[in-house]
Amino acid sequence: MAKAGFDLASEPWAGVIWRNPTPTQPSALGFRDLLTHAHEIQSLAITPAPALSAVYRLLYAMVARIAGLDEDSPNGEDWFERREEIQEQGLNPDAVAAYFNKFDGRFDLFDDKRPFLQDPRLADPAVCPKAAGVNKLVLGRPAGNNAVWFGHHWDASPVPIPTAEAFASLLIWLYYGPSGRCATRVHDGTSAADVSAGPLRSSLSYHLEGDSLLDTLLAGLLIPDPDVRGDQDLCPWELPDLPDPLQAPHGTRPYNGPRSRLTGGWQHALLLVPDETGQQVTDAYITWGRRTKQPPTNDPYVIHQISKQGNRYARPADAGRALWRDLDGLLQLDTNNAARPQRPEVFGNIAEMAEYKVRALGFEQDGKTKDVQFVSAVTPPLPIRVQETDPRRAKRIGDLRAYGSVYGSRLDFAAKKAWATLTGNKLGRCAWGEQAAAAYWPEAEEIFWQRVRDDDFTEPWKTFRAAAIRAFDDVTHRHVRDTRSARAVEQARLELFGGRSKKK
Numbered sequence: 264m265a266k267a268g269f270d271l272a273s274e275p276w277a278g279v280i281w282r283n284p285t286p287t288q289p290s291a292l293g294f295r296d297l298l299t300h301a302h303e304i305q306s307l308a309i310t311p312a313p314a315l316s317a318v319y320r321l322l323y324a325m326v327a328r329i330a331g332l333d334e335d336s337p338n339g340e341d342w343f344e345r346r347e348e349i350q351e352q353g354l355n356p357d358a359v360a361a362y363f364n365k366f367d368g369r370f371d372l373f374d375d376k377r378p379f380l381q382d383p384r385l386a387d388p389a390v391c392p393k394a395a396g397v398n399k400l401v402l403g404r405p406a407g408n409n410a411v412w413f414g415h416h417w418d419a420s421p422v423p424i425p426t427a428e429a430f431a432s433l434l435i436w437l438y439y440g441p442s443g444r445c446a447t448r449v450h451d452g453t454s455a456a457d458v459s460a461g462p463l464r465s466s467l468s469y470h471l472e473g474d475s476l477l478d479t480l481l482a483g484l485l486i487p488d489p490d491v492r493g494d495q496d497l498c499p500w501e502l503p504d505l506p507d508p509l510q511a512p513h514g515t516r517p518y519n520g521p522r523s524r525l526t527g528g529w530q531h532a533l534l535l536v537p538d539e540t541g542q543q544v545t546d547a548y549i550t551w552g553r554r555t556k557q558p559p560t561n562d563p564y565v566i567h568q569i570s571k572q573g574n575r576y577a578r579p580a581d582a583g584r585a586l587w588r589d590l591d592g593l594l595q596l597d598t599n600n601a602a603r604p605q606r607p608e609v610f611g612n613i614a615e616m617a618e619y620k621v622r623a624l625g626f627e628q629d630g631k632t633k634d635v636q637f638v639s640a641v642t643p644p645l646p647i648r649v650q651e652t653d654p655r656r657a658k659r660i661g662d663l664r665a666y667g668s669v670y671g672s673r674l675d676f677a678a679k680k681a682w683a684t685l686t687g688n689k690l691g692r693c694a695w696g697e698q699a700a701a702a703y704w705p706e707a708e709e710i711f712w713q714r715v716r717d718d719d720f721t722e723p724w725k726t727f728r729a730a731a732i733r734a735f736d737d738v739t740h741r742h743v744r745d746t747r748s749a750r751a752v753e754q755a756r757l758e759l760f761g762g763r764s765k766k767k
């Protein structure tokens, strides 16, 4: 009996939203049809957020090769002209077909020799003696000795998952996987059971979104350096052989171009085990894929910051931080931020007057093993190059953002101070601080976007201060029962205005 397959090139696994939907259009497509009809598709409907972030990177790499944008000319002008031409005409269906025909079988998740983005060597008990189980593969399911919280799953009776969902989990492991203990793997005499974190762990990436999926993918492409050769800048599925997990990175440039940057840096190795139909995954192997830590990819879709020690790092994902608060980095606004945020590299590759929505996708995690929450948000259309084209407006947007943050910080301190004074506790995290933040930040976000849309930058502090006062009063007013509590609340309220002035 032939082994079941699941070819991502043709199987309808990726959810889509059509620009002009009709009853006959499918709700999901494979890679081949996804790119052939990219100009007709509005956006992808793939969840969870970190899986969509990973899929974008795969698609950027494919489009660059199919569209002939994987190499640059010496002066760079031809690259922009080619991209503009493709944006107007769409991807050539023959070029799309030729690409997938060339790598026929390489996109099959269950191929015996080269399963897509997996290592078939893990099926050998001498290499990886024990499978991790499908519960370990799926984020959010309890595995091993972990407690059951959100679903009744246990290792003795694992519930299979649809293959499309298993693929999403595979991508999250590759890009956002934890460090630390993993299943034992033996390769060429080396036995180990630990792994480094994935290249995007704990980060938030920002993707430009246009009117169609094609616009989105073209806006996400990087200009290759003039010395990059397309036949050397390869993705894992294009390599002639499986990588050697013991081979250390070498050379002054560990990645041969943008495409290998987008699909490199992975530390984990996985292998999915299907049922007899190929439509479900029943088990998985998860272990280390590289014995040495991969060089940083300097991912072009994250905001980079500088630490106090002078090290460059990606701004971490935070489910409690609204996206407008990241505009200092996205639009390269002038701020007093000591971290010196740098906008995503790819934002410098678009036309100066172009406007795009920005979709933020990521995973709030710690640097090792703790997973907190998926993060997904989108902005209205933004003038991405406003700092270059209209620095005065950029300054006003920056001031507006800064005042929103200032009054958010003042509110947080005021609420904590009132709580500490009334309860006799030390100043620190408390219920009032969380309640005040929950009331203030959504309103502050509405204020910010409305004023940007209206180009209203007069007295930018005023509306944020009013919102902070409302939030403070909502949290504290019901607890004012006597002179002592009234005095504590009113003294704390002064923090909303900058605190009590000091006598000289």
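Per the working numbering, the very first residue in the sequence shown carries number 264; after that it's consecutive. Idealized CB from N, CA, C, for every residue including glycine.
Enumerate in chain order the residues of its own chain whose CB-to-CB distance from S570 is below 8 Å, with the five nearest sequence positions on each side excluded.
Cβ neighbours of S570 beyond the five flanking positions: Y576 and A602.
Are I280 and A431 closer than 9 Å when you measure CB to CB?
no
Can you tell me where the alpha helix (DSSP H) with Q754 in it begins and where it stops?
T746 to R756
F626 by DSSP, collapsed to three states: which one?
Correct three-state label for F626: strand.
Report the rounded CA-to-CA distance for N398 versus G761, giving the unit in angstroms.
51 Å
Any idea which residues DSSP pairs Y469 with across the strands?
A623
Whose CA, out of D457, G396 and S466, lies closest to the CA of L433?
G396
Nearest to Q557 (by Cα), restricted to the options A755, D507 and K680:
The residue with the shortest Cα to Cα distance from Q557 is D507.
S454 - DSSP class collapsed to helix/strand/coil:
strand
Does the contact criterion of 3 or more C-beta pairs under 8 Å hold for the region 351 to 370 versus the region 530 to 547?
Flag = no, the region 351 to 370 and the region 530 to 547 do not touch.
Where M616 falls, given that 16 or more other Cβ within 10 Å makes a residue buried:
exposed
Decide if A361 is buried, meaning its Cβ has at least 16 other Cβ atoms within 10 Å, or exposed.
If you draw a 10 Å sphere on the C-beta of A361, you find fewer than 16 other C-beta atoms in it, and that means exposed.
CA-to-CA distance, V318 to P421, given in whole angstroms
Our two residues, P421 and V318, have alpha carbons roughly 27 Å apart in a direct line.
Reducing DSSP to helix, strand and coil, say where F637 ends up.
strand
Note the first and the last residue of the continuous alpha helix (DSSP H) segment covering I230.
With the chain represented from 264 up to 767, any question about residue 230 goes unanswered, as that position is not in the structure.
Three CB pairs or more closer than 8 Å across the region 735 to 753 and the region 717 to 726:
no
Given a cut-off of 9 Å, decide if V326 and A301 are closer than it, judged by their beta-carbon atoms.
In terms of Cβ geometry, A301 and V326 form a close pair [threshold 9 Å].
P537, enclosing beta strand (DSSP E) - first and last residue:
H531 to P537
Roughly how far, in whole angstroms, is the beta-carbon of E472 from the beta-carbon of Y323, given that I think they are within contact range, below 8 Å?
Actually they do not touch by this definition, with Cβ atoms about 13 Å apart.
For D374, tell me which candidate among K266, P289 and R346 has the shortest Cα-Cα distance.
K266
Provide the residue span of the beta strand (DSSP E) that contains I549, from first to last.
Q543 to W551
Close-in-space but distant-in-sequence residues of the same chain around P517 (CB under 7 Å, 5 per side omitted):
P558
Can you look up I304 in the DSSP assignment and give me helix, strand or coil?
Strand, per DSSP.
Under 8 Å by Cβ, that's how I've got P537 and T426 pegged, so tell me the actual separation to the nearest angstrom.
7 Å between Cβ atoms; contact.
Use the C-beta contact count for P284: other C-beta atoms within 10 angstroms, 16 or more gives buried, fewer gives exposed.
exposed
Cutting at 7 Å between CB atoms, please list the residues of its own chain near E758, excluding the five before and the five after it.
R673, F676, A677 and K680
Based on the DSSP secondary-structure assignment, which residues constitute the bridge partners of L385?
For L385, which the question treats as bridged, DSSP gives no partner whatsoever.
When the Cα atoms are used, what is the spatial distance from I549 to G528?
16 Å
Tell me the residue span of the alpha helix (DSSP H) that contains V649.
V649 to T652
Per DSSP, I280 forms a beta bridge with which residues?
S306
Do you know whose CA, among T739, R728 and A751, lies nearest L685's CA?
A751
Would you report the Cα separation of E709 and V621, rounded to the nearest angstrom?
Taking C-alpha positions only, E709 is separated from V621 by approximately 17 Å.
Bounding residues of the beta strand (DSSP E) (the contiguous stretch that carries A577)
R575 to A577
Identity of the residue in G611, S306 and V669 nearest R648 by Cα
Looking from the CA of R648, the closest CA among G611, S306 and V669 belongs to G611.
Spatial distance of G407 from K393 (CA atoms)
Annotation note: pLDDT 45 at G407 (below 50); position unreliable, no value reported.
Cβ neighbours of R744 in the same chain (closer than 8 Å, five flanking residues each side left out):
none
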